[in-house]
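Comments concern the structure below.
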Amino acid sequence: MTPFCAPPIVHSSKALCPWVDETHEALYVDVDDVFNSFDAFTRAFGELGNIEVHGHVVLVTGSDGCGKTALVNKCVSWLHRRLLPKRNQPVIVDLFSIFPEGDHRRRARTLFKALVHQLRADRGGFFTTEEWNSLATVDPEEDLILSYRLLSGLLKKNKLIVLALMPRAKSEEEILELARLALNHIVFFAEIPSFGITPANTIRKEFSSALVPVRIGKLQASDGLAWFRDRERRFPPEEQEELPSIPDDALIEFLTDIRESEEFFTLRFLQKYFCKFYSTYVPQHGGAPISYENLNSFLGNNWIDFFGEPQEGE
26 MTPFCAPPIV HSSKALCPWV DETHEALYVD VDDVFNSFDA FTRAFGELGN
76 IEVHGHVVLV TGSDGCGKTA LVNKCVSWLH RRLLPKRNQP VIVDLFSIFP
126 EGDHRRRART LFKALVHQLR ADRGGFFTTE EWNSLATVDP EEDLILSYRL
176 LSGLLKKNKL IVLALMPRAK SEEEILELAR LALNHIVFFA EIPSFGITPA
226 NTIRKEFSSA LVPVRIGKLQ ASDGLAWFRD RERRFPPEEQ EELPSIPDDA
276 LIEFLTDIRE SEEFFTLRFL QKYFCKFYST YVPQHGGAPI SYENLNSFLG
326 NNWIDFFGEP QEGE
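Per our numbering, the very first residue in the sequence shown carries number 26; after that it's consecutive.
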C-alpha cells in the first residue's frame, strides 16, 4: 500500500479519525482552507467554561467528498484533548452511523434514545442506577426538551461533558432542532452541505445554544497539487529515489480538467485515483516520467472503477 491509499479504516465514516487513531492527526493537509476553518473552531472554544453555561452545535458545511467528516473528527479530537485535564470530563458519543427515519423531529427523538443507550453501554458507571432510571422514565416521544434538560442536569451533577457526533443532517430543520436541544454540558457535532443565513440568525436570536460554523471551501486544482505532493513526500526515502517524476504543470492540467465536473473532483476521488495509479501503473512502467497524457489515459481506462457505470440518459 502506498501513502496515496487510505489509511486503515478506524471509524464508520471511513474518514480520518484522530480521536480513534492518533496517527491520523499527521495525515491532514491544508486544502479546502481546512486549517483556517479548524483555527476558527479552536478560537470559538477558547473559553472552555462556556460549555458549562450553554450548549453548542458545531456545524461543518461543504460539498460532498470535501472532507467534512474528517474535519468533524479532528475537531472532536482537539476538544476532547483540551477538556481531559479540566474538572468536567469529556465523553465522546458516536452516533454517526445511525440512520433514523422520519422528519427532523422523529429523527431527533430516535437519536436521543440512541445517545442515552450508548452512553449507558459505554459509561454505565457515570450515573447511579437511580439516575439512569430517571432518564428512562422521561418519554422523549412526549417531551424531548425535558429529556435533554434531565440529561444536561445529570451531566452537570456528575461533571461530564458529552461530545456527540451526529449523523449527516438531511435538512436545515434538523440543525435548528439540534440548536433547540443543545443545553449546557452538551456539544453536538453535525455536518450538512450548506446552511443559510436565515436559519443561522434564528439560532442566534431564539436559542440559548451557541452555533459554531465551520466551513470547508471548494477544492481547487492547487489544493489537489498540495495534497499530491504531501502524500508523495511520505514515501520512505529509499523509495522516493525510484519514483517517476510528475511535473507540477502536468498535474495542474489534469486536475483542472477533472475540476470541470465538480461532483467528481473531491479528496475522495484523488485518494482513489492515485492509490490505484501508484499501485498498478507505476510498478508496470518503472521510473519513466509521467505526463498529463499518461494521467488522463489512466483515468479513461479506469473510469468505471472510479465513477461507476453511467446512468441512463447521461
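Heads up, the beta-carbon is just placed ideally off N, CA and C, and yes, glycines get one too.
**Asked** Using DSSP with H/G/I as helix, E/B as strand and the rest coil, what is L41?
**Response** In the structure shown, the three-state DSSP call for L41 is coil.
**Asked** Going by DSSP, what residues sit across from F323 in a beta bridge?
**Response** According to DSSP, which records beta bridges pairwise, F323 is partnered with nothing at all.
**Request:** Grab the span of the alpha helix (DSSP H) containing I277 for me, first residue to last.
**Result:** 273-284
**Request:** Could you tell me how far apart the beta carbons of K301 and N327 are, in whole angstroms, since I believe they sit closer than 8 angstroms?
**Result:** Right, the Cβ-Cβ distance comes to about 6 angstroms (below 8 angstroms), so this counts as a contact.
**CB of F289 within 8 angstroms of CB of P192, strictly** = No. Outside cutoff.
**Request:** Buried or exposed for I315, please, with buried defined as at least 16 other CB atoms from any protein chain shown within 10 angstroms of its CB.
**Result:** buried
**C-beta contact flag for K93 and F63 at 8 angstroms** = no
**Request:** Return the Cβ separation of L206 and L169 in integer angstroms, given the expectation that the two are a contact with Cβ distance under 8 angstroms.
**Result:** 7 angstroms
**Request:** Have a look at S37 and S122 and give me their C-alpha separation to the nearest angstrom.
**Result:** 6 angstroms
**Request:** Could you check what DSSP says for I228 in three-state terms: helix, strand or coil?
**Result:** helix
**Message:** Taking the straight line between their C-alpha atoms, what separation do you get for R240 and L208?
**Reply:** 23 angstroms
**Message:** Let me confirm a value: L340 is counted as buried when at least 16 other C-beta atoms fall within 10 Å, else exposed. Which label applies?
**Reply:** Since the first residue of the chain shown is 26 and the last is 339, residue 340 is not available in this structure.
**Message:** Quick check on this structure: which residue in A133, L120, E166, F332 has the alpha carbon closest to the alpha carbon of T291?
**Reply:** F332
**Message:** Can you check which of these residues, L185, L109, T305, L250, is closest to L144 by C-alpha distance?
**Reply:** When each option's Cα is compared against that of L144, the closest is L185.
**Item:** Nonlocal neighbours in the same chain, by C-beta distance under 6 angstroms from N319, ignoring five residues either side
**Value:** In its own chain, leaving out the 5 sequence neighbours on each side, no residue places its CB closer than 6 angstroms to the CB of N319.
**Per-residue burial, H142 [other beta carbons within 10 Å of its own, 16 or more giving buried]** = Classification for H142: exposed.
**Message:** Just to confirm the assignment, what range does the beta strand (DSSP E) spanning D119 have?
**Reply:** 114-119
**Prompt:** For the beta strand (DSSP E) that contains L190, what are its first and last residues?
**Reply:** 185-190
**Message:** Given this structure, state the Cα-to-Cα distance separating I200 from F279, to the nearest angstrom.
**Reply:** 38 angstroms
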